[in-house]
Structures are given as C-alpha cells and as structure tokens.
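A.B. asks:
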Amino acid sequence: QQLPALLRTMPKAELHLHIEGSLEPELIFRLAARNGVALPYASVEALRAAYAFTDLQSFLDIYYAGASVLIEETDFFEMTWAYFQRAAADNVVHAEIFFDPQTHTARGVPMEKVILGLHHAAERAHQELRISSRLILCFLRHLSEDEAFATLEGALPYRRHFIGVGLDSSERGHPPEKFSRVFARCRELGLEVVAHAGEEGPPAYIRTALDDLQVRRIDHGVRCTEDPTLVERLARERVPLTVCPLSNVKLCVFPNLAHHNLPALLDAGLCVTVNSDDPAYFGGYVNQNYLELFAAQPGLGAREAWQLAANSFEASFVADATKAAWR
Ligand code: ADE
Ligand code: ZN
9 QQLPALLRTM
19 PKAELHLHIE
29 GSLEPELIFR
39 LAARNGVALP
49 YASVEALRAA
59 YAFTDLQSFL
69 DIYYAGASVL
79 IEETDFFEMT
89 WAYFQRAAAD
99 NVVHAEIFFD
109 PQTHTARGVP
119 MEKVILGLHH
129 AAERAHQELR
139 ISSRLILCFL
149 RHLSEDEAFA
159 TLEGALPYRR
169 HFIGVGLDSS
179 ERGHPPEKFS
189 RVFARCRELG
199 LEVVAHAGEE
209 GPPAYIRTAL
219 DDLQVRRIDH
229 GVRCTEDPTL
239 VERLARERVP
249 LTVCPLSNVK
259 LCVFPNLAHH
269 NLPALLDAGL
279 CVTVNSDDPA
289 YFGGYVNQNY
299 LELFAAQPGL
309 GAREAWQLAA
319 NSFEASFVAD
329 ATKAAWR
C-alpha cells in the first residue's frame, strides 16, 4: 500500500476550503449550547442524518443553519484551530481559506470578531503547526452586488488580514458578471480574485469569471469539459482549477468518484488541484479526497499524486520567492 502512504504523507497546499464547512456537528452542538442558539435538530446524529444532499442548494440551506451558532470571536477561533489540526494531520503545509462574512454580519456579528477569530487561529497554526495560511473573503452570489460592496467596505479596516476575494453560494442564476464592478474595485485594491464557476453552472460562467472578473483561479470548474475550446484556453493560460472530488459526488455533480473527470482534466494539461471544500459535510478532509479518488480511478498513480501536489503549490498565492524555497 505505497500509494495511500504517499498520498497521506506528501506535503500539499489546500486552496479550496470554506472554514464554515469545517464546522463538525459536535462543535455545532457545543457552540449552540454555549451561545443559547436553538437548532432544528435534536442531536448530533439527527444533524448528520440530514447530510443527504441532492444539489448545491440543499447543502447550502444546512450549511448556513450550521453557521448560525458562531457568535463570539472565540467561536471563530475554535472552528479555525480545529481545521488547522486536521490539516496538520493531512500534511497540509499551506492553506488558503475562504470565509463568508455575510453569513455572520447579517445576524449582527461584527466583522471584527469573524476576521480576528480566524486570524488568531492562523497565527497559532503558523507558530505551533508550521502551517502557513491566507484568508480569502467570499461574497455570497445570491445577494446583490451592492451588498458585496458594503461587505468589502466593512472588511477594509482588516485589509491586512486577507489576501483576496472569492464568489460562492448558489451558482445557477447568479453569473459572475453580476459582480463585475465590485471585483474591479477589489483588483484596484490589490486583492487576488477567484470565483466558484462551473460547479453546477454552465461553462459560460467559467468564461465570464475569466473575462469579466479576471480571476486568477477557478474554484471547481469541472463543467469546463463540456466546452473543448474553453479547456484549451484553461490549459494554455494555465488557470488553476481547485477541484473538490468528494463535494462533487455529495452534491450530485458526478454520480461517483469513478466517473469524476479529474483524470481527464489532468490529461488535458490543466493545473488541477485536489481540495476538500466543506469537509465536515462531505465525508472527509483533503487526504480523504485524495485517497478515495485514487482508489476509484485505476489510472491515477504516484506520478499523478506528485503532479497534483506540485500543482497545489504552483496555484497558491504565496510569492514566487517562497515557492522557490519550497522546492
Ligand atoms: N459555499 C460553501 N461551499 C460551497 C460550494 N461548494 N459551492 C458554492 N458555495 C459554497
Ligand atoms: Zn466551495
């Protein structure tokens, strides 16, 4: 069993992880009790039993309900520190972490508590676990562009704590171009920009993420294979795709891992990476994604494992000098 050992132990970067998606049911119940938040589930088991998703929206409804227990800065800290401990166990040495401030500010939680809770956990992870990390603020695409602008405004006092912005939540009916102006402003501010596209949405959304938002990476992007010219472009421009295999199966983008198109994307020369998306909801952290995918796809071996790990560092937003030191 050399391949599983390689997948587990190889150093890797994780580039597509929603911190609210790392909130395990046990911690949800502990925080609900501590903060006096009522949950529509009687027990940890009842909550876990609800994790049977049919599409992205059916997941998002439960994911936002779970996040409602996060109130104090220490809640955000504990959630993030728990993620870093899992990441360390998976030999993640660098993580670029999404957070959804609107999920919290809409409930009256101050931006400061969200960002500082995450930031202090990241500092501790750097000191104690030797994991480097960056934060990426995501705008919720089911809300308006004006609300995204207001969120950006509210986050700018903490500008030094995040390196970029992303776009997540319900994809269908909310194309990237809905956020052209706020992304242009973010680029002016020197923020890195990424967007979820081509998870449930059509390949056209990947194109507009590239053309209208000028993103540096595409999150998911798996539906690009429906458009061969787009695949050629992604390969030529070496636009990374942050792919999340277990997520794609849980949200019924693919029927199972044997049918996942990650090998085809690698074959086409794309800078594909493997990530966990919302590990507490989708059945595992990043190593579980590697292990189950490789077990289901006989064409994937040590060569592809090294390629995927190398891609994860290439696709990261750390400076080229740091990348050189990693080699
Ligand atoms: N928010 C958390 N996980 C997400 C996903 N997979 N797609 C869109 N929005 C999300
Ligand atoms: Zn995601």
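Sequential numbering of the sequence shown, starting at 9, is according to UniProt numbering.
Ideal Cβ placement from N, Cα and C applies to all residues, glycine included.
Measuring CB to CB, does Phe85 end up less than 8 Å from Phe147?
C.D. replies: Against the sequence shown, residue 85 aligns to sequence position 77. Against the sequence shown, residue 147 aligns to sequence position 139. In this structure, Phe147 does not lie closer than 8 Å to Phe85 by Cβ.
A.B. asks: Please work out which residues of its chain come closer than 7 Å, Cβ to Cβ, to Glu153, disregarding the five sequence neighbours upstream and downstream, and give them in chain order.
C.D. replies: Within the sequence shown, the letter at position 145 stands for residue 153. These residues qualify, in order along the chain: Lys186, Phe187, Arg189 and Val190.
A.B. asks: Ordered along the chain, which non-local residues of its own chain (more than five positions away) have a Cβ less than 7 Å from that of Leu270?
C.D. replies: As a first step, residue 270 must be located in the sequence shown, where it is residue number 262. Only Val251, Pro253, Val280 and Leu301 meet the Cβ criterion.
A.B. asks: With 16 other CB atoms within 10 Å as the buried threshold, where does Ala13 fall?
C.D. replies: Along the sequence shown, one-based indexing puts residue 13 at 5. Counting Cβ neighbours within 10 Å, Ala13 comes out exposed, since fewer than 16 surround it.
A.B. asks: Select from Asp285, Asp63 and Val173 the residue whose C-alpha is nearest the C-alpha of Arg149.
C.D. replies: Residue 149 sits at position 141 when you count from the first residue of the sequence shown. Taking only the C-alpha atoms, the option nearest Arg149 is Val173.
A.B. asks: Let me know if Lys20 comes out buried or exposed under the rule of 16 or more other beta-carbons within 10 Å of its beta-carbon.
C.D. replies: Here residue 20 refers to the residue found at position 12 of the sequence shown. So Lys20 ends up on the buried side.
A.B. asks: Could you check whether the segment 200–207 touches the segment 166–180, counting it as contact only if at least three pairs of C-beta atoms, one from each stretch, sit closer than 8 Å?
C.D. replies: Touching, yes.
A.B. asks: Is the segment 257–269 touching the segment 56–69 in the sense that three or more CB pairs, one from each, lie closer than 8 Å?
C.D. replies: Taking 8 Å as the limit for Cβ pairs, the verdict is that the segment 257–269 does touch the segment 56–69.
A.B. asks: Note the first and the last residue of the continuous beta strand (DSSP E) segment covering Ser66.
C.D. replies: Your numbering for residue 66 matches position 58 in the sequence shown. Looking at the DSSP string, Ser66 is not in any beta strand (DSSP E); the run it does join, the alpha helix (DSSP H), is Leu64 to Ala75.
A.B. asks: Does the segment 313–322 come close enough to the segment 218–227 that 3 or more CB-CB pairs lie under 8 Å?
C.D. replies: No, the segment 218–227 does not touch the segment 313–322.
A.B. asks: Please name the residue or residues paired with Asp227 in a DSSP beta bridge.
C.D. replies: As a working note, residue 227 is residue 219 in the sequence shown. Answer is His204 and Thr250.
A.B. asks: Does the ligand ZN have even one heavy atom less than 7 Å from the beta-carbon of Asp285?
C.D. replies: By 1-based counting over the sequence shown, the position of residue 285 is 277. For the ligand ZN, at least one heavy atom lies less than 7 Å from the Cβ of Asp285.
A.B. asks: Beta carbon of His204: closer than 7 Å to some heavy atom of the ligand FAD?
C.D. replies: Among the ligands present in this structure, namely the ligand ADE and the ligand ZN, the ligand FAD is not found.
A.B. asks: Spell out a yes or no on whether the segment 48–58 and the segment 19–36 are touching, meaning 3 or more CB-CB pairs, one atom from each, closer than 8 Å.
C.D. replies: Yes: at least three Cβ pairs fall under 8 Å.
A.B. asks: What would DSSP say about Arg142, mapped onto helix, strand or coil?
C.D. replies: As a first step, residue 142 is located in the sequence shown; it is residue number 134 there, counting from the start. Reduced to three states, the DSSP call for Arg142 is strand.
A.B. asks: What did DSSP end up calling Ala21 once you bin it into helix, strand or coil?
C.D. replies: Here residue 21 is taken as the residue at index 13 of the sequence shown, counted from 1. Residue state, collapsed to three classes: strand.
A.B. asks: Only counting the same chain, and skipping five residues up and downstream in sequence, which positions put a Cβ closer than 6 Å to that of residue 354?
C.D. replies: No answer is possible for residue 354: it lies beyond the span of the chain, which begins at 9 and ends at 335.
A.B. asks: Does the distance from the C-beta atom of Leu39 to that of Leu78 stay below 8 Å?
C.D. replies: Indexing the sequence shown from 1 puts residue 39 at position 31. Indexing the sequence shown from 1 puts residue 78 at position 70. Closer than 8 Å, so yes.
A.B. asks: Go ahead and label Asn256 buried or exposed: buried means 16 or more other beta carbons lie within 10 angstroms of its beta carbon, across all protein chains shown.
C.D. replies: Stepping through the sequence shown from its first residue, residue 256 is reached at position 248. Result: buried.
A.B. asks: Candidates Gly309, Arg16, Leu68 and Ala163: which alpha carbon is nearest Asp285's?
C.D. replies: Position 277 of the sequence shown, counted from the first residue, corresponds to residue 285. Asp285 has its Cα closest to that of Leu68, out of Gly309, Arg16, Leu68 and Ala163.
A.B. asks: So is the beta-carbon of Asp108 under 7 Å away from any non-hydrogen atom of the ligand ZN?
C.D. replies: One-based indexing of the sequence shown puts residue 108 at position 100. For the ligand ZN, not one heavy atom lies less than 7 Å from the Cβ of Asp108.
A.B. asks: Select from Leu11, Phe170 and Leu278 the residue whose C-alpha is nearest the C-alpha of Phe107.
C.D. replies: In the sequence shown, residue 107 corresponds to position 99, counting from 1. Ranking the options by Cα distance to Phe107, first place goes to Phe170.
A.B. asks: Measuring only the C-alpha atoms, how far is Glu234 from Ala41?
C.D. replies: Within the sequence shown, residue 234 is the residue found at index 226, counting from 1. Within the sequence shown, residue 41 is the residue found at index 33, counting from 1. Whole-angstrom Cα-Cα distance: 47 Å.
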